[in-house]
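Letter by letter, the sequence shown follows residues 397 to 631 of our numbering. Backbone N, C-alpha and C define an ideal beta-carbon position, used for all residues, glycine too.
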Amino acid sequence: MGVFQIDVGDIVVQAERKKVKCIRLYIKPPDGRVYVSMPMRCSIASVREFVESKRGWIKSKQEQCRVRDAQSSAAQQSENSVLLWGERCQLTVEENARNDGAEIVGGGIVVRTKQRADQETVTAVLDELYRAQLLERLPEVAEKWQRIMRVEASEWRTKKMKTRWGTCNVDRKRIWINVRLAMLPQECLEYVVAHELCHLYEPSHNSRFRMLMDGFMPGWSDIRRRMNGFGGILR
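Right under this line is the structure:
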């Protein structure tokens, strides 16, 4: 039957039945994906129980993958290229400018800094460019999915987050979107917007939440898996 998906809370498992005697668990770099080889007659319930028992170890290994991926992302930036809406763009840094800022020029990105362009300064300037890009596209995407899902957030905000692409305050119907989503293909922004709106129907990530997402956005889990590969840019 090939590889299939098992969701264990917020852990997505890629499982495959093989001629093995016991359940085998793997965390694969660079994005920390979880893979399981399971005996032919093993039940899915047994796999869920096994994965849940290893939750702490899994999260630890995934964090190690994220750190390594973040280091790789920083190295890529130092090699004069950064991501914008899923495309790699040439990065040019100019020092001694009148003000800190960044702009898109001829398909590349120019970052200007008033003083020395260290990594922290360049990253902060880029994040403001990402925020501006996100604010351009977010209203249209939010309106589209609110219309499709027949639910409306009271407020949309943006900020840099270290561990999440988005978050929803269900009581206040306020949704926050990570500015670094502007680094990823727009389908990722569409997924996060739909995901957070879905929490206005169901606050948790239970079977009802997954059922609602399947109805509103078939294929959402494929987008989420692809996003796992970009985990390093959150930091």
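With a threshold of 6 Å on Cβ separation, who are the neighbours of L525 within its own chain once the five nearest residues in sequence on each side are excluded? A498
**Asked** Would V507 be called buried (16 or more neighbouring beta carbons within 10 Å of its own) or exposed?
**Response** That one is buried.
Check your understanding: Whose C-beta lies closer than 7 Å to the C-beta of E598 among residues of the same chain, with five residues either side of it excluded?
Key -> Only R604, F605, L608 meet the Cβ criterion.
For the beta strand (DSSP E) containing D403, list its first residue and its last residue.
400 to 404
| said: For L530 and L596, which I take to be in contact (beta-carbon distance under 8 Å), what is that distance rounded to the nearest angstrom? | reply: With a Cβ gap of about 21 Å, L530 and L596 do not count as contacting.
Cα-Cα separation between I505 and F626, rounded to whole angstroms = Cα-Cα distance, rounded: 20 Å.
Discussion item. Taking the alpha helix (DSSP H) that V430 belongs to, which residues open and close that run?
Written reply: V430 -> not in any alpha helix (DSSP H); beta strand (DSSP E) instead, spanning 429 to 435.
Query - Burial state of W561 (16 or more Cβ within 10 Å) - result: buried
* Between L479 and L580, is the Cβ-Cβ spacing less than 9 Å? -> Cβ atoms of L479 and L580: closer than 9 Å.
Minimum C-alpha distance to S356 - residue among K569, P535, A538: With the chain covering only 397 through 631, there is no way to say anything about residue 356.
Original post:
Taking all protein chains shown into account, do 16 or more other C-beta atoms lie within 10 angstroms of the C-beta of V432, making it buried, or fewer, making it exposed?
Top reply: buried
task = Would you check if there are 3 or more beta carbon pairs closer than 8 Å linking the segment 448 to 462 to the segment 419 to 430?
result = yes
So, for K556: in the same chain, excluding its five sequence neighbours on each side, which residues have a beta-carbon less than 6 Å away from its beta-carbon?
Cβ within range, chain order: D523, V575.
Nearest candidate by alpha-carbon position, reference G405, set E583, K450, R484: K450
| query | How would you call E586, buried or exposed, if buried means at least 16 neighbouring beta carbons within 10 angstroms? | reply | buried
Alpha-carbon to alpha-carbon, E483 and A538: As the crow flies, the alpha-carbon of A538 is around 22 Å from that of E483.
Which whole-angstrom value describes the C-beta separation of M434 and I419, a residue pair presumed to lie in contact below a C-beta threshold of 8 Å? That pair is a contact at about 5 Å.
Check: When DSSP builds the beta bridges, which residues end up paired with R508?
Finding: E490, G497
Just curious, the beta strand (DSSP E) that Y422 is in, first and last residue?
-> 420 to 424
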